[in-house]
Structures are given as C-alpha cells and as structure tokens.
Amino acid sequence: MIPPPIPAPDPLLLPMPPLALKALLLVTFAMHLMAVNVGVGGSLLAGIHVLRGRPEDRDLVRRLAPMLPAAVTFAITLGVAPLLFVQLSYGPFFYTASVLTAVPWLSLLALLLAGYTLLYRFVGSMGTGRSSAGWGIAASLLLLSVGLMLVNVTTLSLRPDLWVAQAATSPHGLHLNRFDPTLWPRFLHMSVGMVAVAGLLLAGWGAWRKEAYARRVGMMWFIVATVSQVAWGTWLLVKQPAPILGLLLDANTLPSLTLWGSIAFGALALFLAIPASQKGAPPRAVWPPLGLGMVSVLGMILLRDQARDASLAAFGFHAASLPHQTDWTSMGVFGLALGTLVVLLVVLVRWGSQAPVEEGEAP
Amino acid sequence: MNHPVWDLPGLGSGWIIGLISILHVSIAHLVVGAGLWLAWMETHAQKNSDAPLGAWLRLRAKGLLWLSSVLGAVTGVGIWVAIGLVNPTATQHLIRAFVMAWAIEWLLFAGEMATLIVLVGAYDRLRPRQRLILTGLYALFAWFSLVVINGIVTFMLSPGTGWSTSHSMWDGFFNATYLPSLLLRTCVAMALGGLWALADGGPPGALLRGQILKRTARFTLAGVLLAIPAGWFYFQSFPTAARELVLGNLRGTTGLAVGFRWALWGLGAYLVPAILVGWAHLAPRSFRPPVALLGLGFACWGFGGFEWIREVARKPFVIRGVMYANGIRVEQVEGFQKEGFLPQNAWARAFAESKGNTDLAKGEAILRSQCLACHTRSGYRGLQGLTATYTEAELIAMIQGIRERDPATNPYLNFMPPFAGTEQEAEWVGKYLNTLKAK
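Chains as they are written, first to last, in my numbering: chain A, 1 to 363; chain B, 364 to 802.
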C-alpha cells in the first residue's frame, strides 16, 4: 500500500509539553461543548416549545431565551481555544482535511452568521408577543449544520488513508467527507447528545429555581434523546474502522474502559431520570442524573481523544512525543492573564446577579 | 507548500482571505475605538450626572455587543479558517511561533465579551461606579487584544534577526514595526469607532445631541489626524527592502501599479472623514448620521488600502525572510533545488500520480504547490495571460531562470519566490505552462 501523503510537521518546537497541551485542549473543548449544548441544543428546545404554543411553554421560553445568544457567543469564543490547540498538536491532519473539504468548511462561517442572526431575531421576537418558532428552529438547524462541518473535517482528519480518493473526486474542495461511513452517525450522535444535555441543564435550572414544569420537560428531553442514542451510538460504533472497533470492544484497553464506563454512567443517569421526571418528584431528584449525565459527557470527550490518538497512531503519528521546549515566560504571562480573568468573572457574576438599586439607597 | 492545495479557479484562494480580513479588521478596530469612546463618554455622563446620556450609551453598548459578538467573532474565526485553507503551512508556522500570544488574546477576548454581556444585560442592576469600571475594563480588554494581535501581524513584516536565531516568541513579538504599527492602529480604531458612534446621531434632545456630537467629533478627528504622523512613523520603520518595494510600486515599476493606485486613493479617502466630523463639531444641528456612515465607508477604504500596501510590502514572503508566500521556508529552497521538490513533497507527488505521472502532470503538481498561492491559471493574476507571448522554450528558460537566488540576476525575487526545484522540474512546469495557452 502507498503511504498516505501526510504533511511533515512544522519544525518549530511546541512551547509546552504535549501533555499540557492535551490538557488545555480537553478542558477548553469540554467548556466549548457545554456552551454549545446550551446555545444550540437550547435553541432547538426553545423553538419546539414555542411551536407547541401552550402558555407554560411560551412563558418558559420567554424567560430562558435571552440566555441563548450569550451562550452562542461563549460557544464561539470558547471554541477558538480548542481549535488553536488542535492545530498545534494535530496540524498536518487538521489542515489537510480542511483543505480537502474547503468549501463546506468555509461555509461554516455563513451558516454560523445566519444562525446567530436568526437566533437574535427569535429572542427579540419573544418580547413582542409575536414570537415565531420558525426563527428559533431555523437558527438551531443552521447552528447544528456548523457542527456538521466540524464533524466533517474531524472525521476526515482521522483517515489519511481516504485523503487521496477524496482529493481525486473533489479537486476544488467542494464535497463533504464522502468516503468515511462515520460522518453521519457521528453527527447524529453529537446532535442528539446536545439535545440530551440541554434537557439536563434545563431540568437543573428548573430544580434550582423551583420551576416544576422546566424540571419535568427538561428530564423528558434528556430521557427521549438518551434512549435514542441506542440507535445512533450503536451505528457510530459499528461504523468505526476495524482496528478502532477492535480496541473499543476489547475489555483490556483504556478506550474500551472509557466507552463502557461512559455508557454505564449515561444509563444510570437515564434510570434515575425517569422518577425525577414525574410530577410529584422533589427538585433534588434532578441532581443525581444531572451529575451522572455530565460525567458521561466528560467520558465521551476523553474517549473522542483516545480514539483520535489511536487512529493516528496507526499512521505513525504520536502527539505525545512531539518535541517541545517549554516557554516559561509566555506560560507565566498566560497564567497571570488566566488568573486575572477568573477573578474578574467571579466579580462579573456577582455584579450581574445583584439586586437592583432600591429607591433611596445610595448607589 | 507542504499541504494539499485548495485550487480555486478564476478568483484564486487569496481573495477569500482578503474579503474576510477587510471585514474583520475593520470591525475589530472599530470595536476597539468604540470601546475607548464608550469609556470616555460614560465618565463624562457620570461626572455630569447625565442620566439620558447614560441610557443612550447603554443602547450603543448593546449595538457594540451585537457587532463584536456576531460579526466580529464570526469573521475572526473566518480569518483562521481562510488562512488555514489558503496557506496552511504558514498558518501552522505562525501558530507554533505564537500560540501563547493567541491564547492570551483569546483570554482578552473572553474578558471583553463577558464584560460587555454583563454591562448590557445587567445595566439596571449595576451601580454607577460598577458601570464605570466595566466600561473601562471593556475598553482595556479590547485595546489589549489589539496590543497582542499587533505583535503577530507586525512579526510577519519584520520578524527581525533575533527571532530567527532564538525562535523565542517575545523576540518576534516586539519587533521593529511593533510600536509604530500599534500607534497607527490605535488612531485608526479611534477614527472608526468615533464614526460608528456619530452614525447613530445621538439621542433626541437638541442640547444633549449637540454635546455628544461635538465630543465624539473631537475623538474621531484625533484618530484621523494623528494617524498621519503615526503612518509616517510606521512606514519609516519598515525593513529597507519592504520600503523599497512600496516605493518601487509607487513609481510604477512593477505589475502592481493598479492595486497601488486604488490603495493610494484609499489613503486619501481616509482623510475625508476629517471634513465630515468637522461638520458635526461646528454645526451639530444640521449634521445628518448618514454622513458619518459615508465617512465610515471612506475610512474603511483607506484602512483597506493601508492593509493592502502592508501585505504587498511583505512580498515575496508571507513571513519576511523566513517563509515565502507559497509556504516554502527560505532554508528549504536549496535542498529542493538540489534534491528535487517532488521527492520531498507528498501532496505534489500524490497529485502527479493521480494524473498518470506524466511530465505535464508533474509540472502541474509543482505549479499548484508553488504558484497558486498568488496566481490562478486563467483568472486573477492569471498565468495564461502573463505568459501568453512566451514560447515553450522561453517558458522553460524563464522558470529555470527564476531558480536564481541572487537578486542581482533574478529581478523577480523582489516580489516572487525563487523556483524551488531542479532544472528538470522547471522544465516540467514550463511545459505545463505552455499548455495553458490552448485552454
């Protein structure tokens, strides 16, 4: 077999140990994914509840919709960091995949801009009494298609063996990653997972604010979406390339442990979500499935990373052994900036949630 | 180019960067300037206990939030996407060199967004002092993100000898053009931000409106006028070769004269807003907001012209003295000329093999990797048109001639990378170029 044309890595050294980079990649990706779950999954739920049209649905959306654009803002901002770190560690694979599907990849910008604008329109319409479910659903579908473009590049970046065929059939980068059977199941798995997590967070909000309706519908969304993962998750699993599938089914490997551990946490969350979704259930019943569900998501993020490293190791690439020279000065400045930002965020949250100035109170 | 090539016929992929960049840098600078303006006006509103002004500023902050979180953020991601597609090798090199700067800039942008979201969303709950702090912090975050990005952009023009040996981020960051560029960009940001504020026309109420327009006009005028000495200072800090290239283009000695004329008109157009904001200052009652929008258009044209000249001044490099525009590093050229480009470039080899590995296929593969970053076959900077009068023998001789790495014998080196391949490979490219005539 002719070796796939994997570009040579850049000669400049990494500014920190690969493991530190990996940690930054995973942490920022997890944060990004959470904001995406709220912004995109939440937009879809909001659109559907407005479409349902009952007063309690509209009231719920009216109260929660203003958070959605801010969540998308954070999703974009938080998405830049993992994009940066993935390019640093996996550059030859990431760039090649993006060039091979250049037009869909670039279309991500138009989709994001359109989805974001429609979302602002949807949220704006909530205050006017002429709310339109269409704007919300269209916005969430456009934002979901941004996810499709990301999955498209990610899946192709893991399959250097498909690159030459992709380049030959798509010389101008017009097509999606058409040769990889994991594209669509991975996209569906991710989209449905987004709905499940948005539902969990909605239920958590309902439990926190003693909003029984929000708690119940949130749990219902989580249950329905998670049950359907039996289909999407299984489809994604069986479509993995043989070496990866073997790794996932072999009980002695770390990826296998992560996969089945995450599934077990998800199943337990599902089991506990059923009583928590009942009418008379106490609000505190939400916390165990919420916590377990989040552990399951974090496990899946780890698994995603392990599967990536295993896929690329088959082509002789080991991110963990990339040469580095730690740039302590830059790391120090970064740490200082990060610490300042964290302190500032705490202050901002306090100021943003304080009570308004009472009349007669000194400002 | 180490990676596959995005072959975009007609327009050429470089235009994608140009279009997204012009939009993004205009918005990004506007947001920086508007942040400084907002903090200044908020201070003024609180000093004078001017509640209507405060309420109006909240609406401007809301507009700013939409502008920066939607258009600014998306086009910012857009530049990354575009440069990664058009020149992945250079993008990877820059990311390796400046990842921590980008990471710091990311924190600043996150702070910028968080501050603005709280300022707009919790305006009624914030105490006046808190509002003052938040507008100040927002301005600081926005300006500091310029402080950071400026280091990377100026590095590409003047990386300096220190970085070439140490590869230390800070050696490249604080380079010869860093400070002048920062001054110039701050002035441009003030001009754009001020014009954006003027475009709203201020709140109803003659007294208040006049007061706001006058103050904003002064802010904008400072940005427009101070940009002139800052621009001169910046140009003087250019590396000699870059300055010569710009001056050569101004004299019309290269093929970029048309683009330069447009850019120069733009630099002239940048001064038009000075007259328009003068109107806002002297006769605020008769001032009409669309005039400020027109001014904003002129200023963006001028800024676009400046950015275009800065890009051209880098030629034939993407990072001056380090990496050519086609992603080939300077130190790689000799090796490619001795050992051959195809044996060392997996993607060019794969392309040639997919087309039967004929001489023409190999020529096309090398041309894609070395020429399409700037040229197209028959569209923008089309090779078909540029080589129309050459015979096949002349084309081969020309490509073999531009293998020369001495500017005295290869005048193209002032604005085009040397051909990085063997004489045999140059012959294949020449043969392929000859086939373009028939298309």
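Virtual Cβ for every residue (Gly too), placed ideally from N, Cα, C.
Asked, Found
"Which residues of chain B have a Cβ atom closer than 7 Å to the Cβ of LEU351(A), listed in chain order?", "In the sequence as displayed, the identity of residue 351(A) is Trp instead of Leu. Residues of chain B passing the Cβ test: VAL481, ALA485, LEU489, GLN493."
"Quick check on the burial criterion: 16 or more other C-beta atoms within 10 angstroms. Buried or exposed for GLU694(B)?", "exposed"
"Is it right to say SER529(B) is buried, meaning 16 or more other beta carbons lie within 10 angstroms of its own, or is it exposed?", "exposed"
"Between PHE623(B) and the rest of its own chain, which residues show a CB-CB distance below 7 Å, the 5 nearest in sequence each way excluded?", "ASN612, LEU613"
"Look at ALA554(B) and GLY594(B) and say whether their C-beta atoms are less than 7 Å apart.", "no"
"Candidates HIS738(B), THR750(B), VAL481(B), ARG572(B): which alpha carbon is nearest SER353(A)'s?", "VAL481(B)"
"CA-CA distance, ILE759(B) and GLU790(B)?", "5 Å"
"Cβ of ASN450(B) less than 7 Å from any chain A Cβ?", "no"
"Is there a Cβ from chain B that is less than 7 Å from the Cβ of GLY91(A)?", "yes"
"Check whether chain B comes within 7 Å of TYR116(A), counting only Cβ atoms and requiring the distance to be less than that.", "yes"
"Report all residues from its chain with a CB closer than 6 Å to the CB of GLY261(A); omit the five preceding and five following residues, and keep chain order.", "GLY299"
"Run through DSSP, which three-state label would ALA449(B) get?", "Note on identity: in this sequence residue 449(B) is Val, with Ala being the wrong assignment. Reduced to three states, the DSSP call for VAL449(B) is helix."
"Please state whether the Cβ-Cβ distance between ASN538(B) and THR524(B) is less than 7 Å.", "no"
"Taking the beta carbon of TRP328(A) as the centre, do at least 16 other beta carbons fall within 10 Å, making it buried, or is it exposed?", "exposed"
"What is the DSSP secondary structure of THR117(A), counted as helix, strand or coil?", "helix"
"Closer than 8 Å is the cut-off here; do at least three beta carbon pairs connect the stretch 683-698 of chain B with the stretch 731-738 of chain B?", "yes"
"Where ALA505(B) and LEU427(B) are concerned, what is the direct C-alpha to C-alpha distance, given to the nearest angstrom?", "12 Å"
"Using a threshold of 7 Å, state whether the C-beta atoms of SER521(B) and THR540(B) are closer than that.", "yes"
"For the alpha helix (DSSP H) containing ILE512(B), name the first residue and the last one.", "491-520"
"Can you tell me the Cβ-Cβ gap for ILE446(B) and ILE390(B), rounded? I've got them flagged as a contact below 8 Å.", "Not quite, the Cβ-Cβ distance comes to about 17 Å (not below 8 Å), so this is no contact."
"Spatial neighbours of SER89(A) within its chain, please: C-beta separation below 6 Å, excluding the five flanking residues on both sides.", "LEU21, ALA319"
"Beta-carbon separation of ILE729(B) and GLU788(B) under 7 Å?", "yes"
"Measuring CA to CA, which of ARG62(A), LEU13(A), ALA110(A), LEU64(A) is closest to VAL444(B)?", "ALA110(A)"
"How long is the line joining the alpha carbons of LEU721(B) and ALA715(B), rounded to whole angstroms?", "The displayed chain sequence assigns Thr, not Leu, to residue 721(B). About 7 Å."
"What are the boundary residues of the alpha helix (DSSP H) that VAL192(A) is part of?", "183-208"
"Rounded to whole angstroms, how far is the Cβ of GLN763(B) from the Cβ of LYS800(B), which I believe are closer than 8 Å?", "Not really, about 19 Å apart at Cβ, beyond 8 Å."
"Looking at the unbroken beta strand (DSSP E) that takes in VAL681(B), where does it start and where does it end?", "680-682"
"For the alpha helix (DSSP H) that TRP671(B) lies in, which residues bound it at each end?", "652-676"
"Are the C-beta of PRO415(B) and some C-beta of chain A separated by less than 7 Å?", "no"
"Where in the stretch 419-471 of chain B do unbroken runs of the alpha helix (DSSP H), each at least 4 residues long, occur, reported from the N-terminal end onward?", "436-449"
"Below 7 Å CB to CB, which residues in the same chain sit around ASN450(B) once its five sequence neighbours on both sides are set aside?", "VAL681, GLY690, ALA736"
"Could you work out which residues of chain A lie near LEU470(B), taking near to mean beta carbons separated by less than 7 Å?", "ALA337, LEU338, LEU341"
"Considering just the uninterrupted stretch of the alpha helix (DSSP H) at GLY233(A), what are its terminal residues?", "212-238"
"Do three or more CB pairs link the stretch 147-154 of chain A to the stretch 106-120 of chain A at distances below 8 Å?", "yes"
"Short of 6 Å in beta carbon distance, which residues of its chain neighbour LEU148(A), apart from the five on each side in sequence? Order them along the chain.", "PHE187"
"If we call anything under 7 Å between Cβ atoms a contact, is ALA168(A) one with VAL286(A)?", "no"
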